[in-house]
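Enquirer:
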Amino acid sequence: MADEKTPAVFFDRDGTIMQDVDYCSDPRDVHVFPFVLDSLRKLKARGCKLIMVTNQSGIGRGYFTRPQYEAVHAEVLRQIGEALIDGTYVCPDPPGVESQCRKPAPGMVLQGAREHNVDLSRSIFVGDKEIDVQCGHNAGLKTIRVETGFETNTANSAAEWVVENFAEATEIILTKFTR
98 MADEKTPAVF FDRDGTIMQD VDYCSDPRDV HVFPFVLDSL RKLKARGCKL
148 IMVTNQSGIG RGYFTRPQYE AVHAEVLRQI GEALIDGTYV CPDPPGVESQ
198 CRKPAPGMVL QGAREHNVDL SRSIFVGDKE IDVQCGHNAG LKTIRVETGF
248 ETNTANSAAE WVVENFAEAT EIILTKFTR
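Our numbering puts the last residue of the sequence shown at 276; the count rises by one with no breaks.
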């Protein structure tokens, strides 16, 4: 049925699916983790929409331009296969300004859910920072925090699950959220 909503995996970019580089503005600095492609393929095969949500305050701070971000994003998609990703949402707002999209605000997740006919009750958010966990919770999602980013202390995380990396997160999603 065309109107049937589907589950989605919302995920952060820097530190979650690729090595975190402070204010990544050069495609040569893009290094997608080796296990990500296989993980995304498994999730896609199970019927999940794959939606990337990323704060890129470097744009708003003037550290890099929107075209530089686009070049980095194109390299990320080249490394993982553009066809796997259903949508990408980017927020250029710096911290400290009123923003509906900057995580932990749920704006990017809610927009992605509307535009891709997503059932939030069957979806999940994966990220490497507590701000990602808060964003997921603010959108009504369960969350998985990975330990592949700069913020490695996850002892007090509010995430439902804390795992080493996106591959382990994928196993939880396949076990608990898909049929």
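Every residue, glycine too, gets a C-beta built ideally from N, C-alpha and C. It should be emphasised that the depicted structure is a prediction, and the values quoted were computed from it without experimental measurement.
1. Are P124 and I156 close, meaning C-beta to C-beta below 8 angstroms?
2. Within 10 angstroms of its Cβ, does R175 collect 16 or more other Cβ (buried), or is it exposed?
3. Find out if the Cβ-Cβ distance for the pair Y134, I177 is shorter than 8 angstroms.
4. Measure the CB-CB distance between V243 and V206 and report whether it falls below 8 angstroms.
5. Cutting at 6 angstroms between CB atoms, please list the residues of its own chain near N253, excluding the five before and the five after it.
6. Quick one: which unbroken alpha helix (DSSP H) runs of 4-plus residues sit fully inside the region 152–176? Chain order, please.
7. Where does the unbroken alpha helix (DSSP H) through T272 begin, and where does it stop?
8. Any idea if K200 is buried or exposed, counting beta-carbon neighbours within 10 angstroms, 16 or more meaning buried?
9. Assuming R138 is part of the alpha helix (DSSP H), what are its boundary residues?
10. Using a Cβ-Cβ cut-off of 6 angstroms (strictly less than) and excluding sequence neighbours within five positions of E261, which residues of its own chain qualify?
11. Checking the sheet assignment: what are the DSSP bridge partners for V259?
12. List the whole-angstrom C-beta distance separating D183 from I221, where the pair is believed to meet the contact cut-off of C-beta under 8 angstroms.
13. Near Y160, what residues of its chain come up, given a Cβ to Cβ distance below 6 angstroms and the 5 sequence neighbours on each side ignored?
14. What number of angstroms, rounded off, separates the C-alpha of A236 from the C-alpha of V129?
15. Starting from I221 and walking both ways along the beta strand (DSSP E), at which residues does that stretch end?
16. What is the C-beta distance between V223 and K102, in whole angstroms, given that I count them as a contact (C-beta under 8 angstroms)?
17. Roughly how far, in whole angstroms, is the beta-carbon of F263 from the beta-carbon of T113, given that I think they are within contact range, below 8 angstroms?
Expert: In terms of the structure at hand:
1. The answer is no: Cβ separation not under 8 angstroms.
2. Using a 10 angstroms sphere on the CB of R175, the tally of other CB atoms stays under 16, which defines it as exposed.
3. According to the sequence provided, residue 134 is Leu. The question's Tyr does not apply to it. Contact check for L134 against I177 passes: the beta carbons are separated by less than 8 angstroms.
4. Not in contact: V243 and V206 (Cβ atoms no closer than 8 angstroms).
5. Residues of the same chain with a CB within less than 6 angstroms of the CB of N253, apart from the 5 flanking positions on each side, do not exist.
6. As far as the region 152–176 is concerned, its whole alpha helix (DSSP H) runs of at least 4 residues are 154–157.
7. Run containing T272: 263–273, per the alpha helix (DSSP H) assignment.
8. With 16 or more other Cβ atoms within 10 Å, it is buried.
9. Residue range 133–142 is occupied by the alpha helix (DSSP H) that includes R138.
10. Correct list, in chain order: E244.
11. Beta-bridge pairing links V259 to R242.
12. Wrong, their Cβ atoms sit about 15 angstroms apart, outside the cutoff.
13. Closer than 6 angstroms at the Cβ level, and outside the excluded window around Y160, lie Y120.
14. For the pair A236 and V129, the Cα-to-Cα distance works out to about 26 angstroms.
15. Segment 221–224, the beta strand (DSSP E) holding I221.
16. Not quite, the Cβ-Cβ distance comes to about 20 angstroms (not below 8 angstroms), so this is no contact.
17. Indeed, because the Cβ distance is near 6 angstroms, the residues count as touching under 8 angstroms.
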